[in-house]
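Structure first, then comments.
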Amino acid sequence: MNTQQQIETLRDELRQHNYNYYILDNPTISDYEFDIKLKELQALEEKYPEFFDANSPTQRVGGTITKNFNTVVHDFRMYSLDNSYSKEDLLDWETRIKKMVDGVIQYTCELKYDGASMNLTYQKGKLVRAVTRGDGVQGDEVTANIKTINTVPLQLKGNYPERFDIRGEIILPIEGFLKMNEERMANDEELYRNPRNTASGSLKLQDSAEVAKRPLECLLYSIKGNNLNISTQFEGLQKAREWGFKVPKEAKLVNSIEEVLEFVEYWDIERHNLPYEIDGVVVKVNSLYQQEELGYTAKAPRWAMAYKFKAEQVSTVLNKITYQVGRTGAITPVANLEPVQLAGTTVKRASLHNADQIEKLDIREGDTVFVEKGGEIIPKIISVDLSKRSDNSAPTNYIDDCPECKTELIRLEGEAKHYCPNYNGCPPQVIGRIQHYISRKAMDIEGLGGETVALLVKEGLINDYSDLYELTVAQVLPLERMAQKSAENLVNGIESSKQIPFERVLFALGIRYVGETVAKKLVKHYKSIDNLMVATILDLMSVDEIGERIAESVVEFFSAEENLKIIQRLKSFGVQLEISADKLANQTEKLKGNTFVVSGVFESVSRTELKKLIEDNGGKVSSSISSKTSYLVAGDKMGPSKRTKAENIGVTIISEADFLSLIK
Ligand code: AMP
Ligand code: ZN
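In terms of my numbering, the numbers along the sequence shown are unbroken and rise by one, the last being 647.
Quick look at the structure:
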């Protein structure tokens, strides 16, 4: 088998596994085996760039940056749908269309996926472009982003038409959405509101590698094109499935509007058990011939009708408004409700967001309120049932002082939320910061949990995370539920955390907007906390991917006297506040300004090690040869085409030995 065949075989194999996993939900190899094969293909493609294919499974990881999305005119206009909200609406629709077509009408009933609509164009079985709906006539081209979505086939299977468009909805399954929010919560970032907005926001991200990280899916529902040899909507769905698209199996072909109503009733309840959100059902005349006869109004097809579910609403009594203080001091008002059943769960609390929201809806304690669980996962209050308000009710006075520490709250210009400024004395802030410090992704302190932290603070044993390092077994032993063994574990766990590398320490400090990735970037650039502490805003902003918001927050953190004291203490206890000596010893700037391409097999180092050596010495690694390449490091078995290309452009070709002497 020659190299090209080897590459093609791997691509086919990976496509099939991708299909088994994401479309059929029935993987036949482990994730690990999949990764091995993918890496094998990546290595081959890197080595033989002449066999590049924009639709290769390796392209799904993304990495393309799009500054401006091109506007593209749709070949077939993307219409909206007419809405109905009741049985009567649907019956009226049937009466109208029956007057316009002859013969029996069959209907395809589909779920109305709640996401962002997308038009995909395929030619010769390959995805050539993906365009958002936009205004229906033209939309934005977002192909690079869409390619990262695993349920979008890059290469079709079976007997597909030469060229066609296919439409679907980009959605974010609920589980994936909640996971994304968990991570935001851990980084103390504002949470995404609902899966729909998060899905549609993802389409226009500039870095496709970011999109690749999001667990988006594409569910298909309609094929458009010329001479497709498809005569009904239902047949179209089946064919799309055969070509490798994800077309949910819930779609049903029915013979009467009564059956349509049954479908609607069934899914109004069952929707709560789906892995993604739907906001209704779409009913379509099944015969494409009849569809053509019915045609379109100015904005929607006459042959289709959306039935929108009512967001479930209940009314209940709001017993009390309480206020939560977060780790950063942000105040969130919470409605404590008389428990009530809603969309399959018992609801006891609803978020009130901020003071403006309470004032706008004039929400008061004792009111009977309407609660809704719409797109948002956390229920919200829609309105107040004024007819049930008692005569002696009074408007809500938003709190002026922190409920936890009584400090007067502040509200910054342009911000919706109130903050408690008592950074050092407000218990939930103090406790929250230490809890973040010990958390798994930060210092990962074994033997110490969030509740124990709260206890330690309450007992006055610690005030900030640097105090942890002075705790003794004798001090913690008297605490509730502590025994000799657990007390020792706790102290040992804290001791071991002194080995945690600087990048995780920096994340653990809890500087606002400095999440795991930002911490890594800062450490790579500044190498020690001493360097970082004196950096100016401008200085920080010159670091790759550090923006103004982050820069300001870092400078603010290090300008607070208390924080400097804490850092000094951490230092004195031996916590890692710089890149470790051996790591640093291997780092130089010897290759600064040079870009390397590495190809072939090496003797004394692996290819990965070689790349690391380049980066540790300040050089850049690139995967393809261009005029920007400074050196091609050529190993054994390097492809002849790479050599030719390098020679043509005039790139210096060096051996493994040459390279090693460069960094000596
Ligand atoms: P609307 O945005 O309310 O006008 O509804 C039309 C939108 O519903 C379309 O643009 C699609 O994005 C979306 N939709 C979701 N599921 C389906 C489906 N099964 N068939 C057609 N459209 C759907
Ligand atoms: Zn406070």
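Where a beta carbon is used, it is the ideal one built from N, C-alpha and C, also for glycine.
Inter-residue Cα distance where the pair is residue i and residue j
i, j, result
"ILE637", "ILE(-10)", "27 Å"
"LYS282", "ASN66", "12 Å"
"ALA99", "VAL120", "16 Å"
"VAL436", "HIS255", "38 Å"
"LYS575", "ASN600", "7 Å"
"ASP97", "ILE154", "7 Å"
"ASN475", "LEU139", "57 Å"
"GLY141", "ILE149", "16 Å"
"TYR143", "VAL230", "16 Å"
"MET621", "SER582", "6 Å"
"LYS331", "GLU434", "23 Å"
"PRO461", "ASP447", "20 Å"
"HIS439", "LEU492", "First, the residue type needs correcting, since residue 439 is Leu and not His in the sequence shown. Approximately 19 Å between the Cα atoms of the pair."
"ILE261", "TYR68", "15 Å"
"PHE246", "ARG176", "29 Å"
"GLN559", "TYR420", "14 Å"
"VAL612", "THR627", "This sequence places Thr at residue 612; Val is not what is there. Cα-Cα distance, rounded: 14 Å."
"ASN514", "SER607", "34 Å"
"PRO389", "MET516", "In the sequence under discussion, the amino acid at residue 389 is Lys, which differs from the Pro named in the question. Going by the C-alpha atoms only, they are around 32 Å apart."
"VAL459", "LYS441", "12 Å"
"LEU643", "ALA564", "21 Å"
"LYS507", "SER555", "23 Å"
"GLU152", "LYS481", "49 Å"
Reduced DSSP category for residue i - H, G, I as helix; E, B as strand; rest coil
i, result
"LEU236", "strand"
"THR435", "helix"
"GLU561", "strand"
"GLU124", "strand"
"ALA457", "helix"
"ASN102", "strand"
"ASN546", "helix"
"GLY349", "coil"
"THR627", "helix"
"PRO178", "helix"
"PHE684", "Lying before the first or after the last residue shown, residue 684 is absent from the chain, which here runs from -16 to 647."
"GLN(-12)", "helix"
"THR637", "Looking at the sequence provided, one finds Ile at residue 637 rather than Thr. DSSP places ILE637 in strand when its eight states are reduced to three."
"TYR272", "helix"
"ASN66", "strand"
Proximity to residue i [Cα-Cα], best of the options
i, options, result
"GLU391", "GLU398, TYR406, VAL135 and THR379", "TYR406"
"MET52", "ASN164, LYS647 and THR126", "The amino acid at residue 52 is misidentified as Met; the sequence shows Phe. Cα-wise, what sits closest to PHE52 is THR126."
"LEU64", "THR41, PRO284 and ILE206", "PRO284"
"MET465", "GLY602, GLY430 and ILE414", "GLY430"
"ALA457", "ILE213, ALA470 and VAL367", "ALA470"
"LYS267", "GLY397, TYR279 and TYR259", "TYR279"
"VAL497", "HIS508, ILE533 and LYS510", "ILE533"
"ASN210", "LEU203, GLN(-1) and GLY219", "GLY219"
"ALA234", "GLU16, TYR249 and TRP226", "TYR249"
"PRO198", "SER185, ILE206, TYR204 and GLY208", "SER185"
"THR329", "LYS504, GLU295 and LEU344", "GLU295"
"GLU398", "ALA313, THR181, ASP427 and GLN307", "ALA313"
"GLN307", "CYS201, LYS400 and ILE477", "LYS400"
"GLU200", "PRO378, TYR4, TYR290 and LYS20", "TYR4"
Residue i beta carbon near the ligand MN (any heavy atom closer than 7 Å)
i, result
"GLU598", "The ligand MN is not among the ligands present in this structure, which contains only the ligand AMP and the ligand ZN."
Proximity of residue i and residue j at Cβ, strictly below 8 Å
i, j, result
"VAL243", "LEU73", "yes"
"TYR402", "ALA338", "no"
"ILE364", "VAL354", "yes"
"PRO362", "ILE341", "no"
"LEU596", "VAL584", "no"
"ILE417", "ILE393", "no"
"GLN106", "ARG146", "yes"
"LYS309", "GLY159", "The identity of residue 309 in the sequence shown is Gly, whereas the question assumes Lys. Not a contact, by the Cβ cut-off of 8 Å."
"MET61", "LEU277", "no"
"CYS92", "VAL367", "no"
"VAL501", "ILE520", "no"
"ILE6", "GLN189", "no"
Burial state of residue i (16 or more Cβ within 10 Å)
i, result
"GLU387", "buried"
"ILE512", "buried"
"GLY633", "exposed"
"LEU103", "buried"
"ILE129", "buried"
"ASN1", "buried"
"ILE550", "buried"
"PRO40", "buried"
is_contact[residue i, chain D] using C-beta, thresh 8 Å
i, result
"VAL604", "Absence of chain D from the displayed structure is noted, only one protein chain being present."
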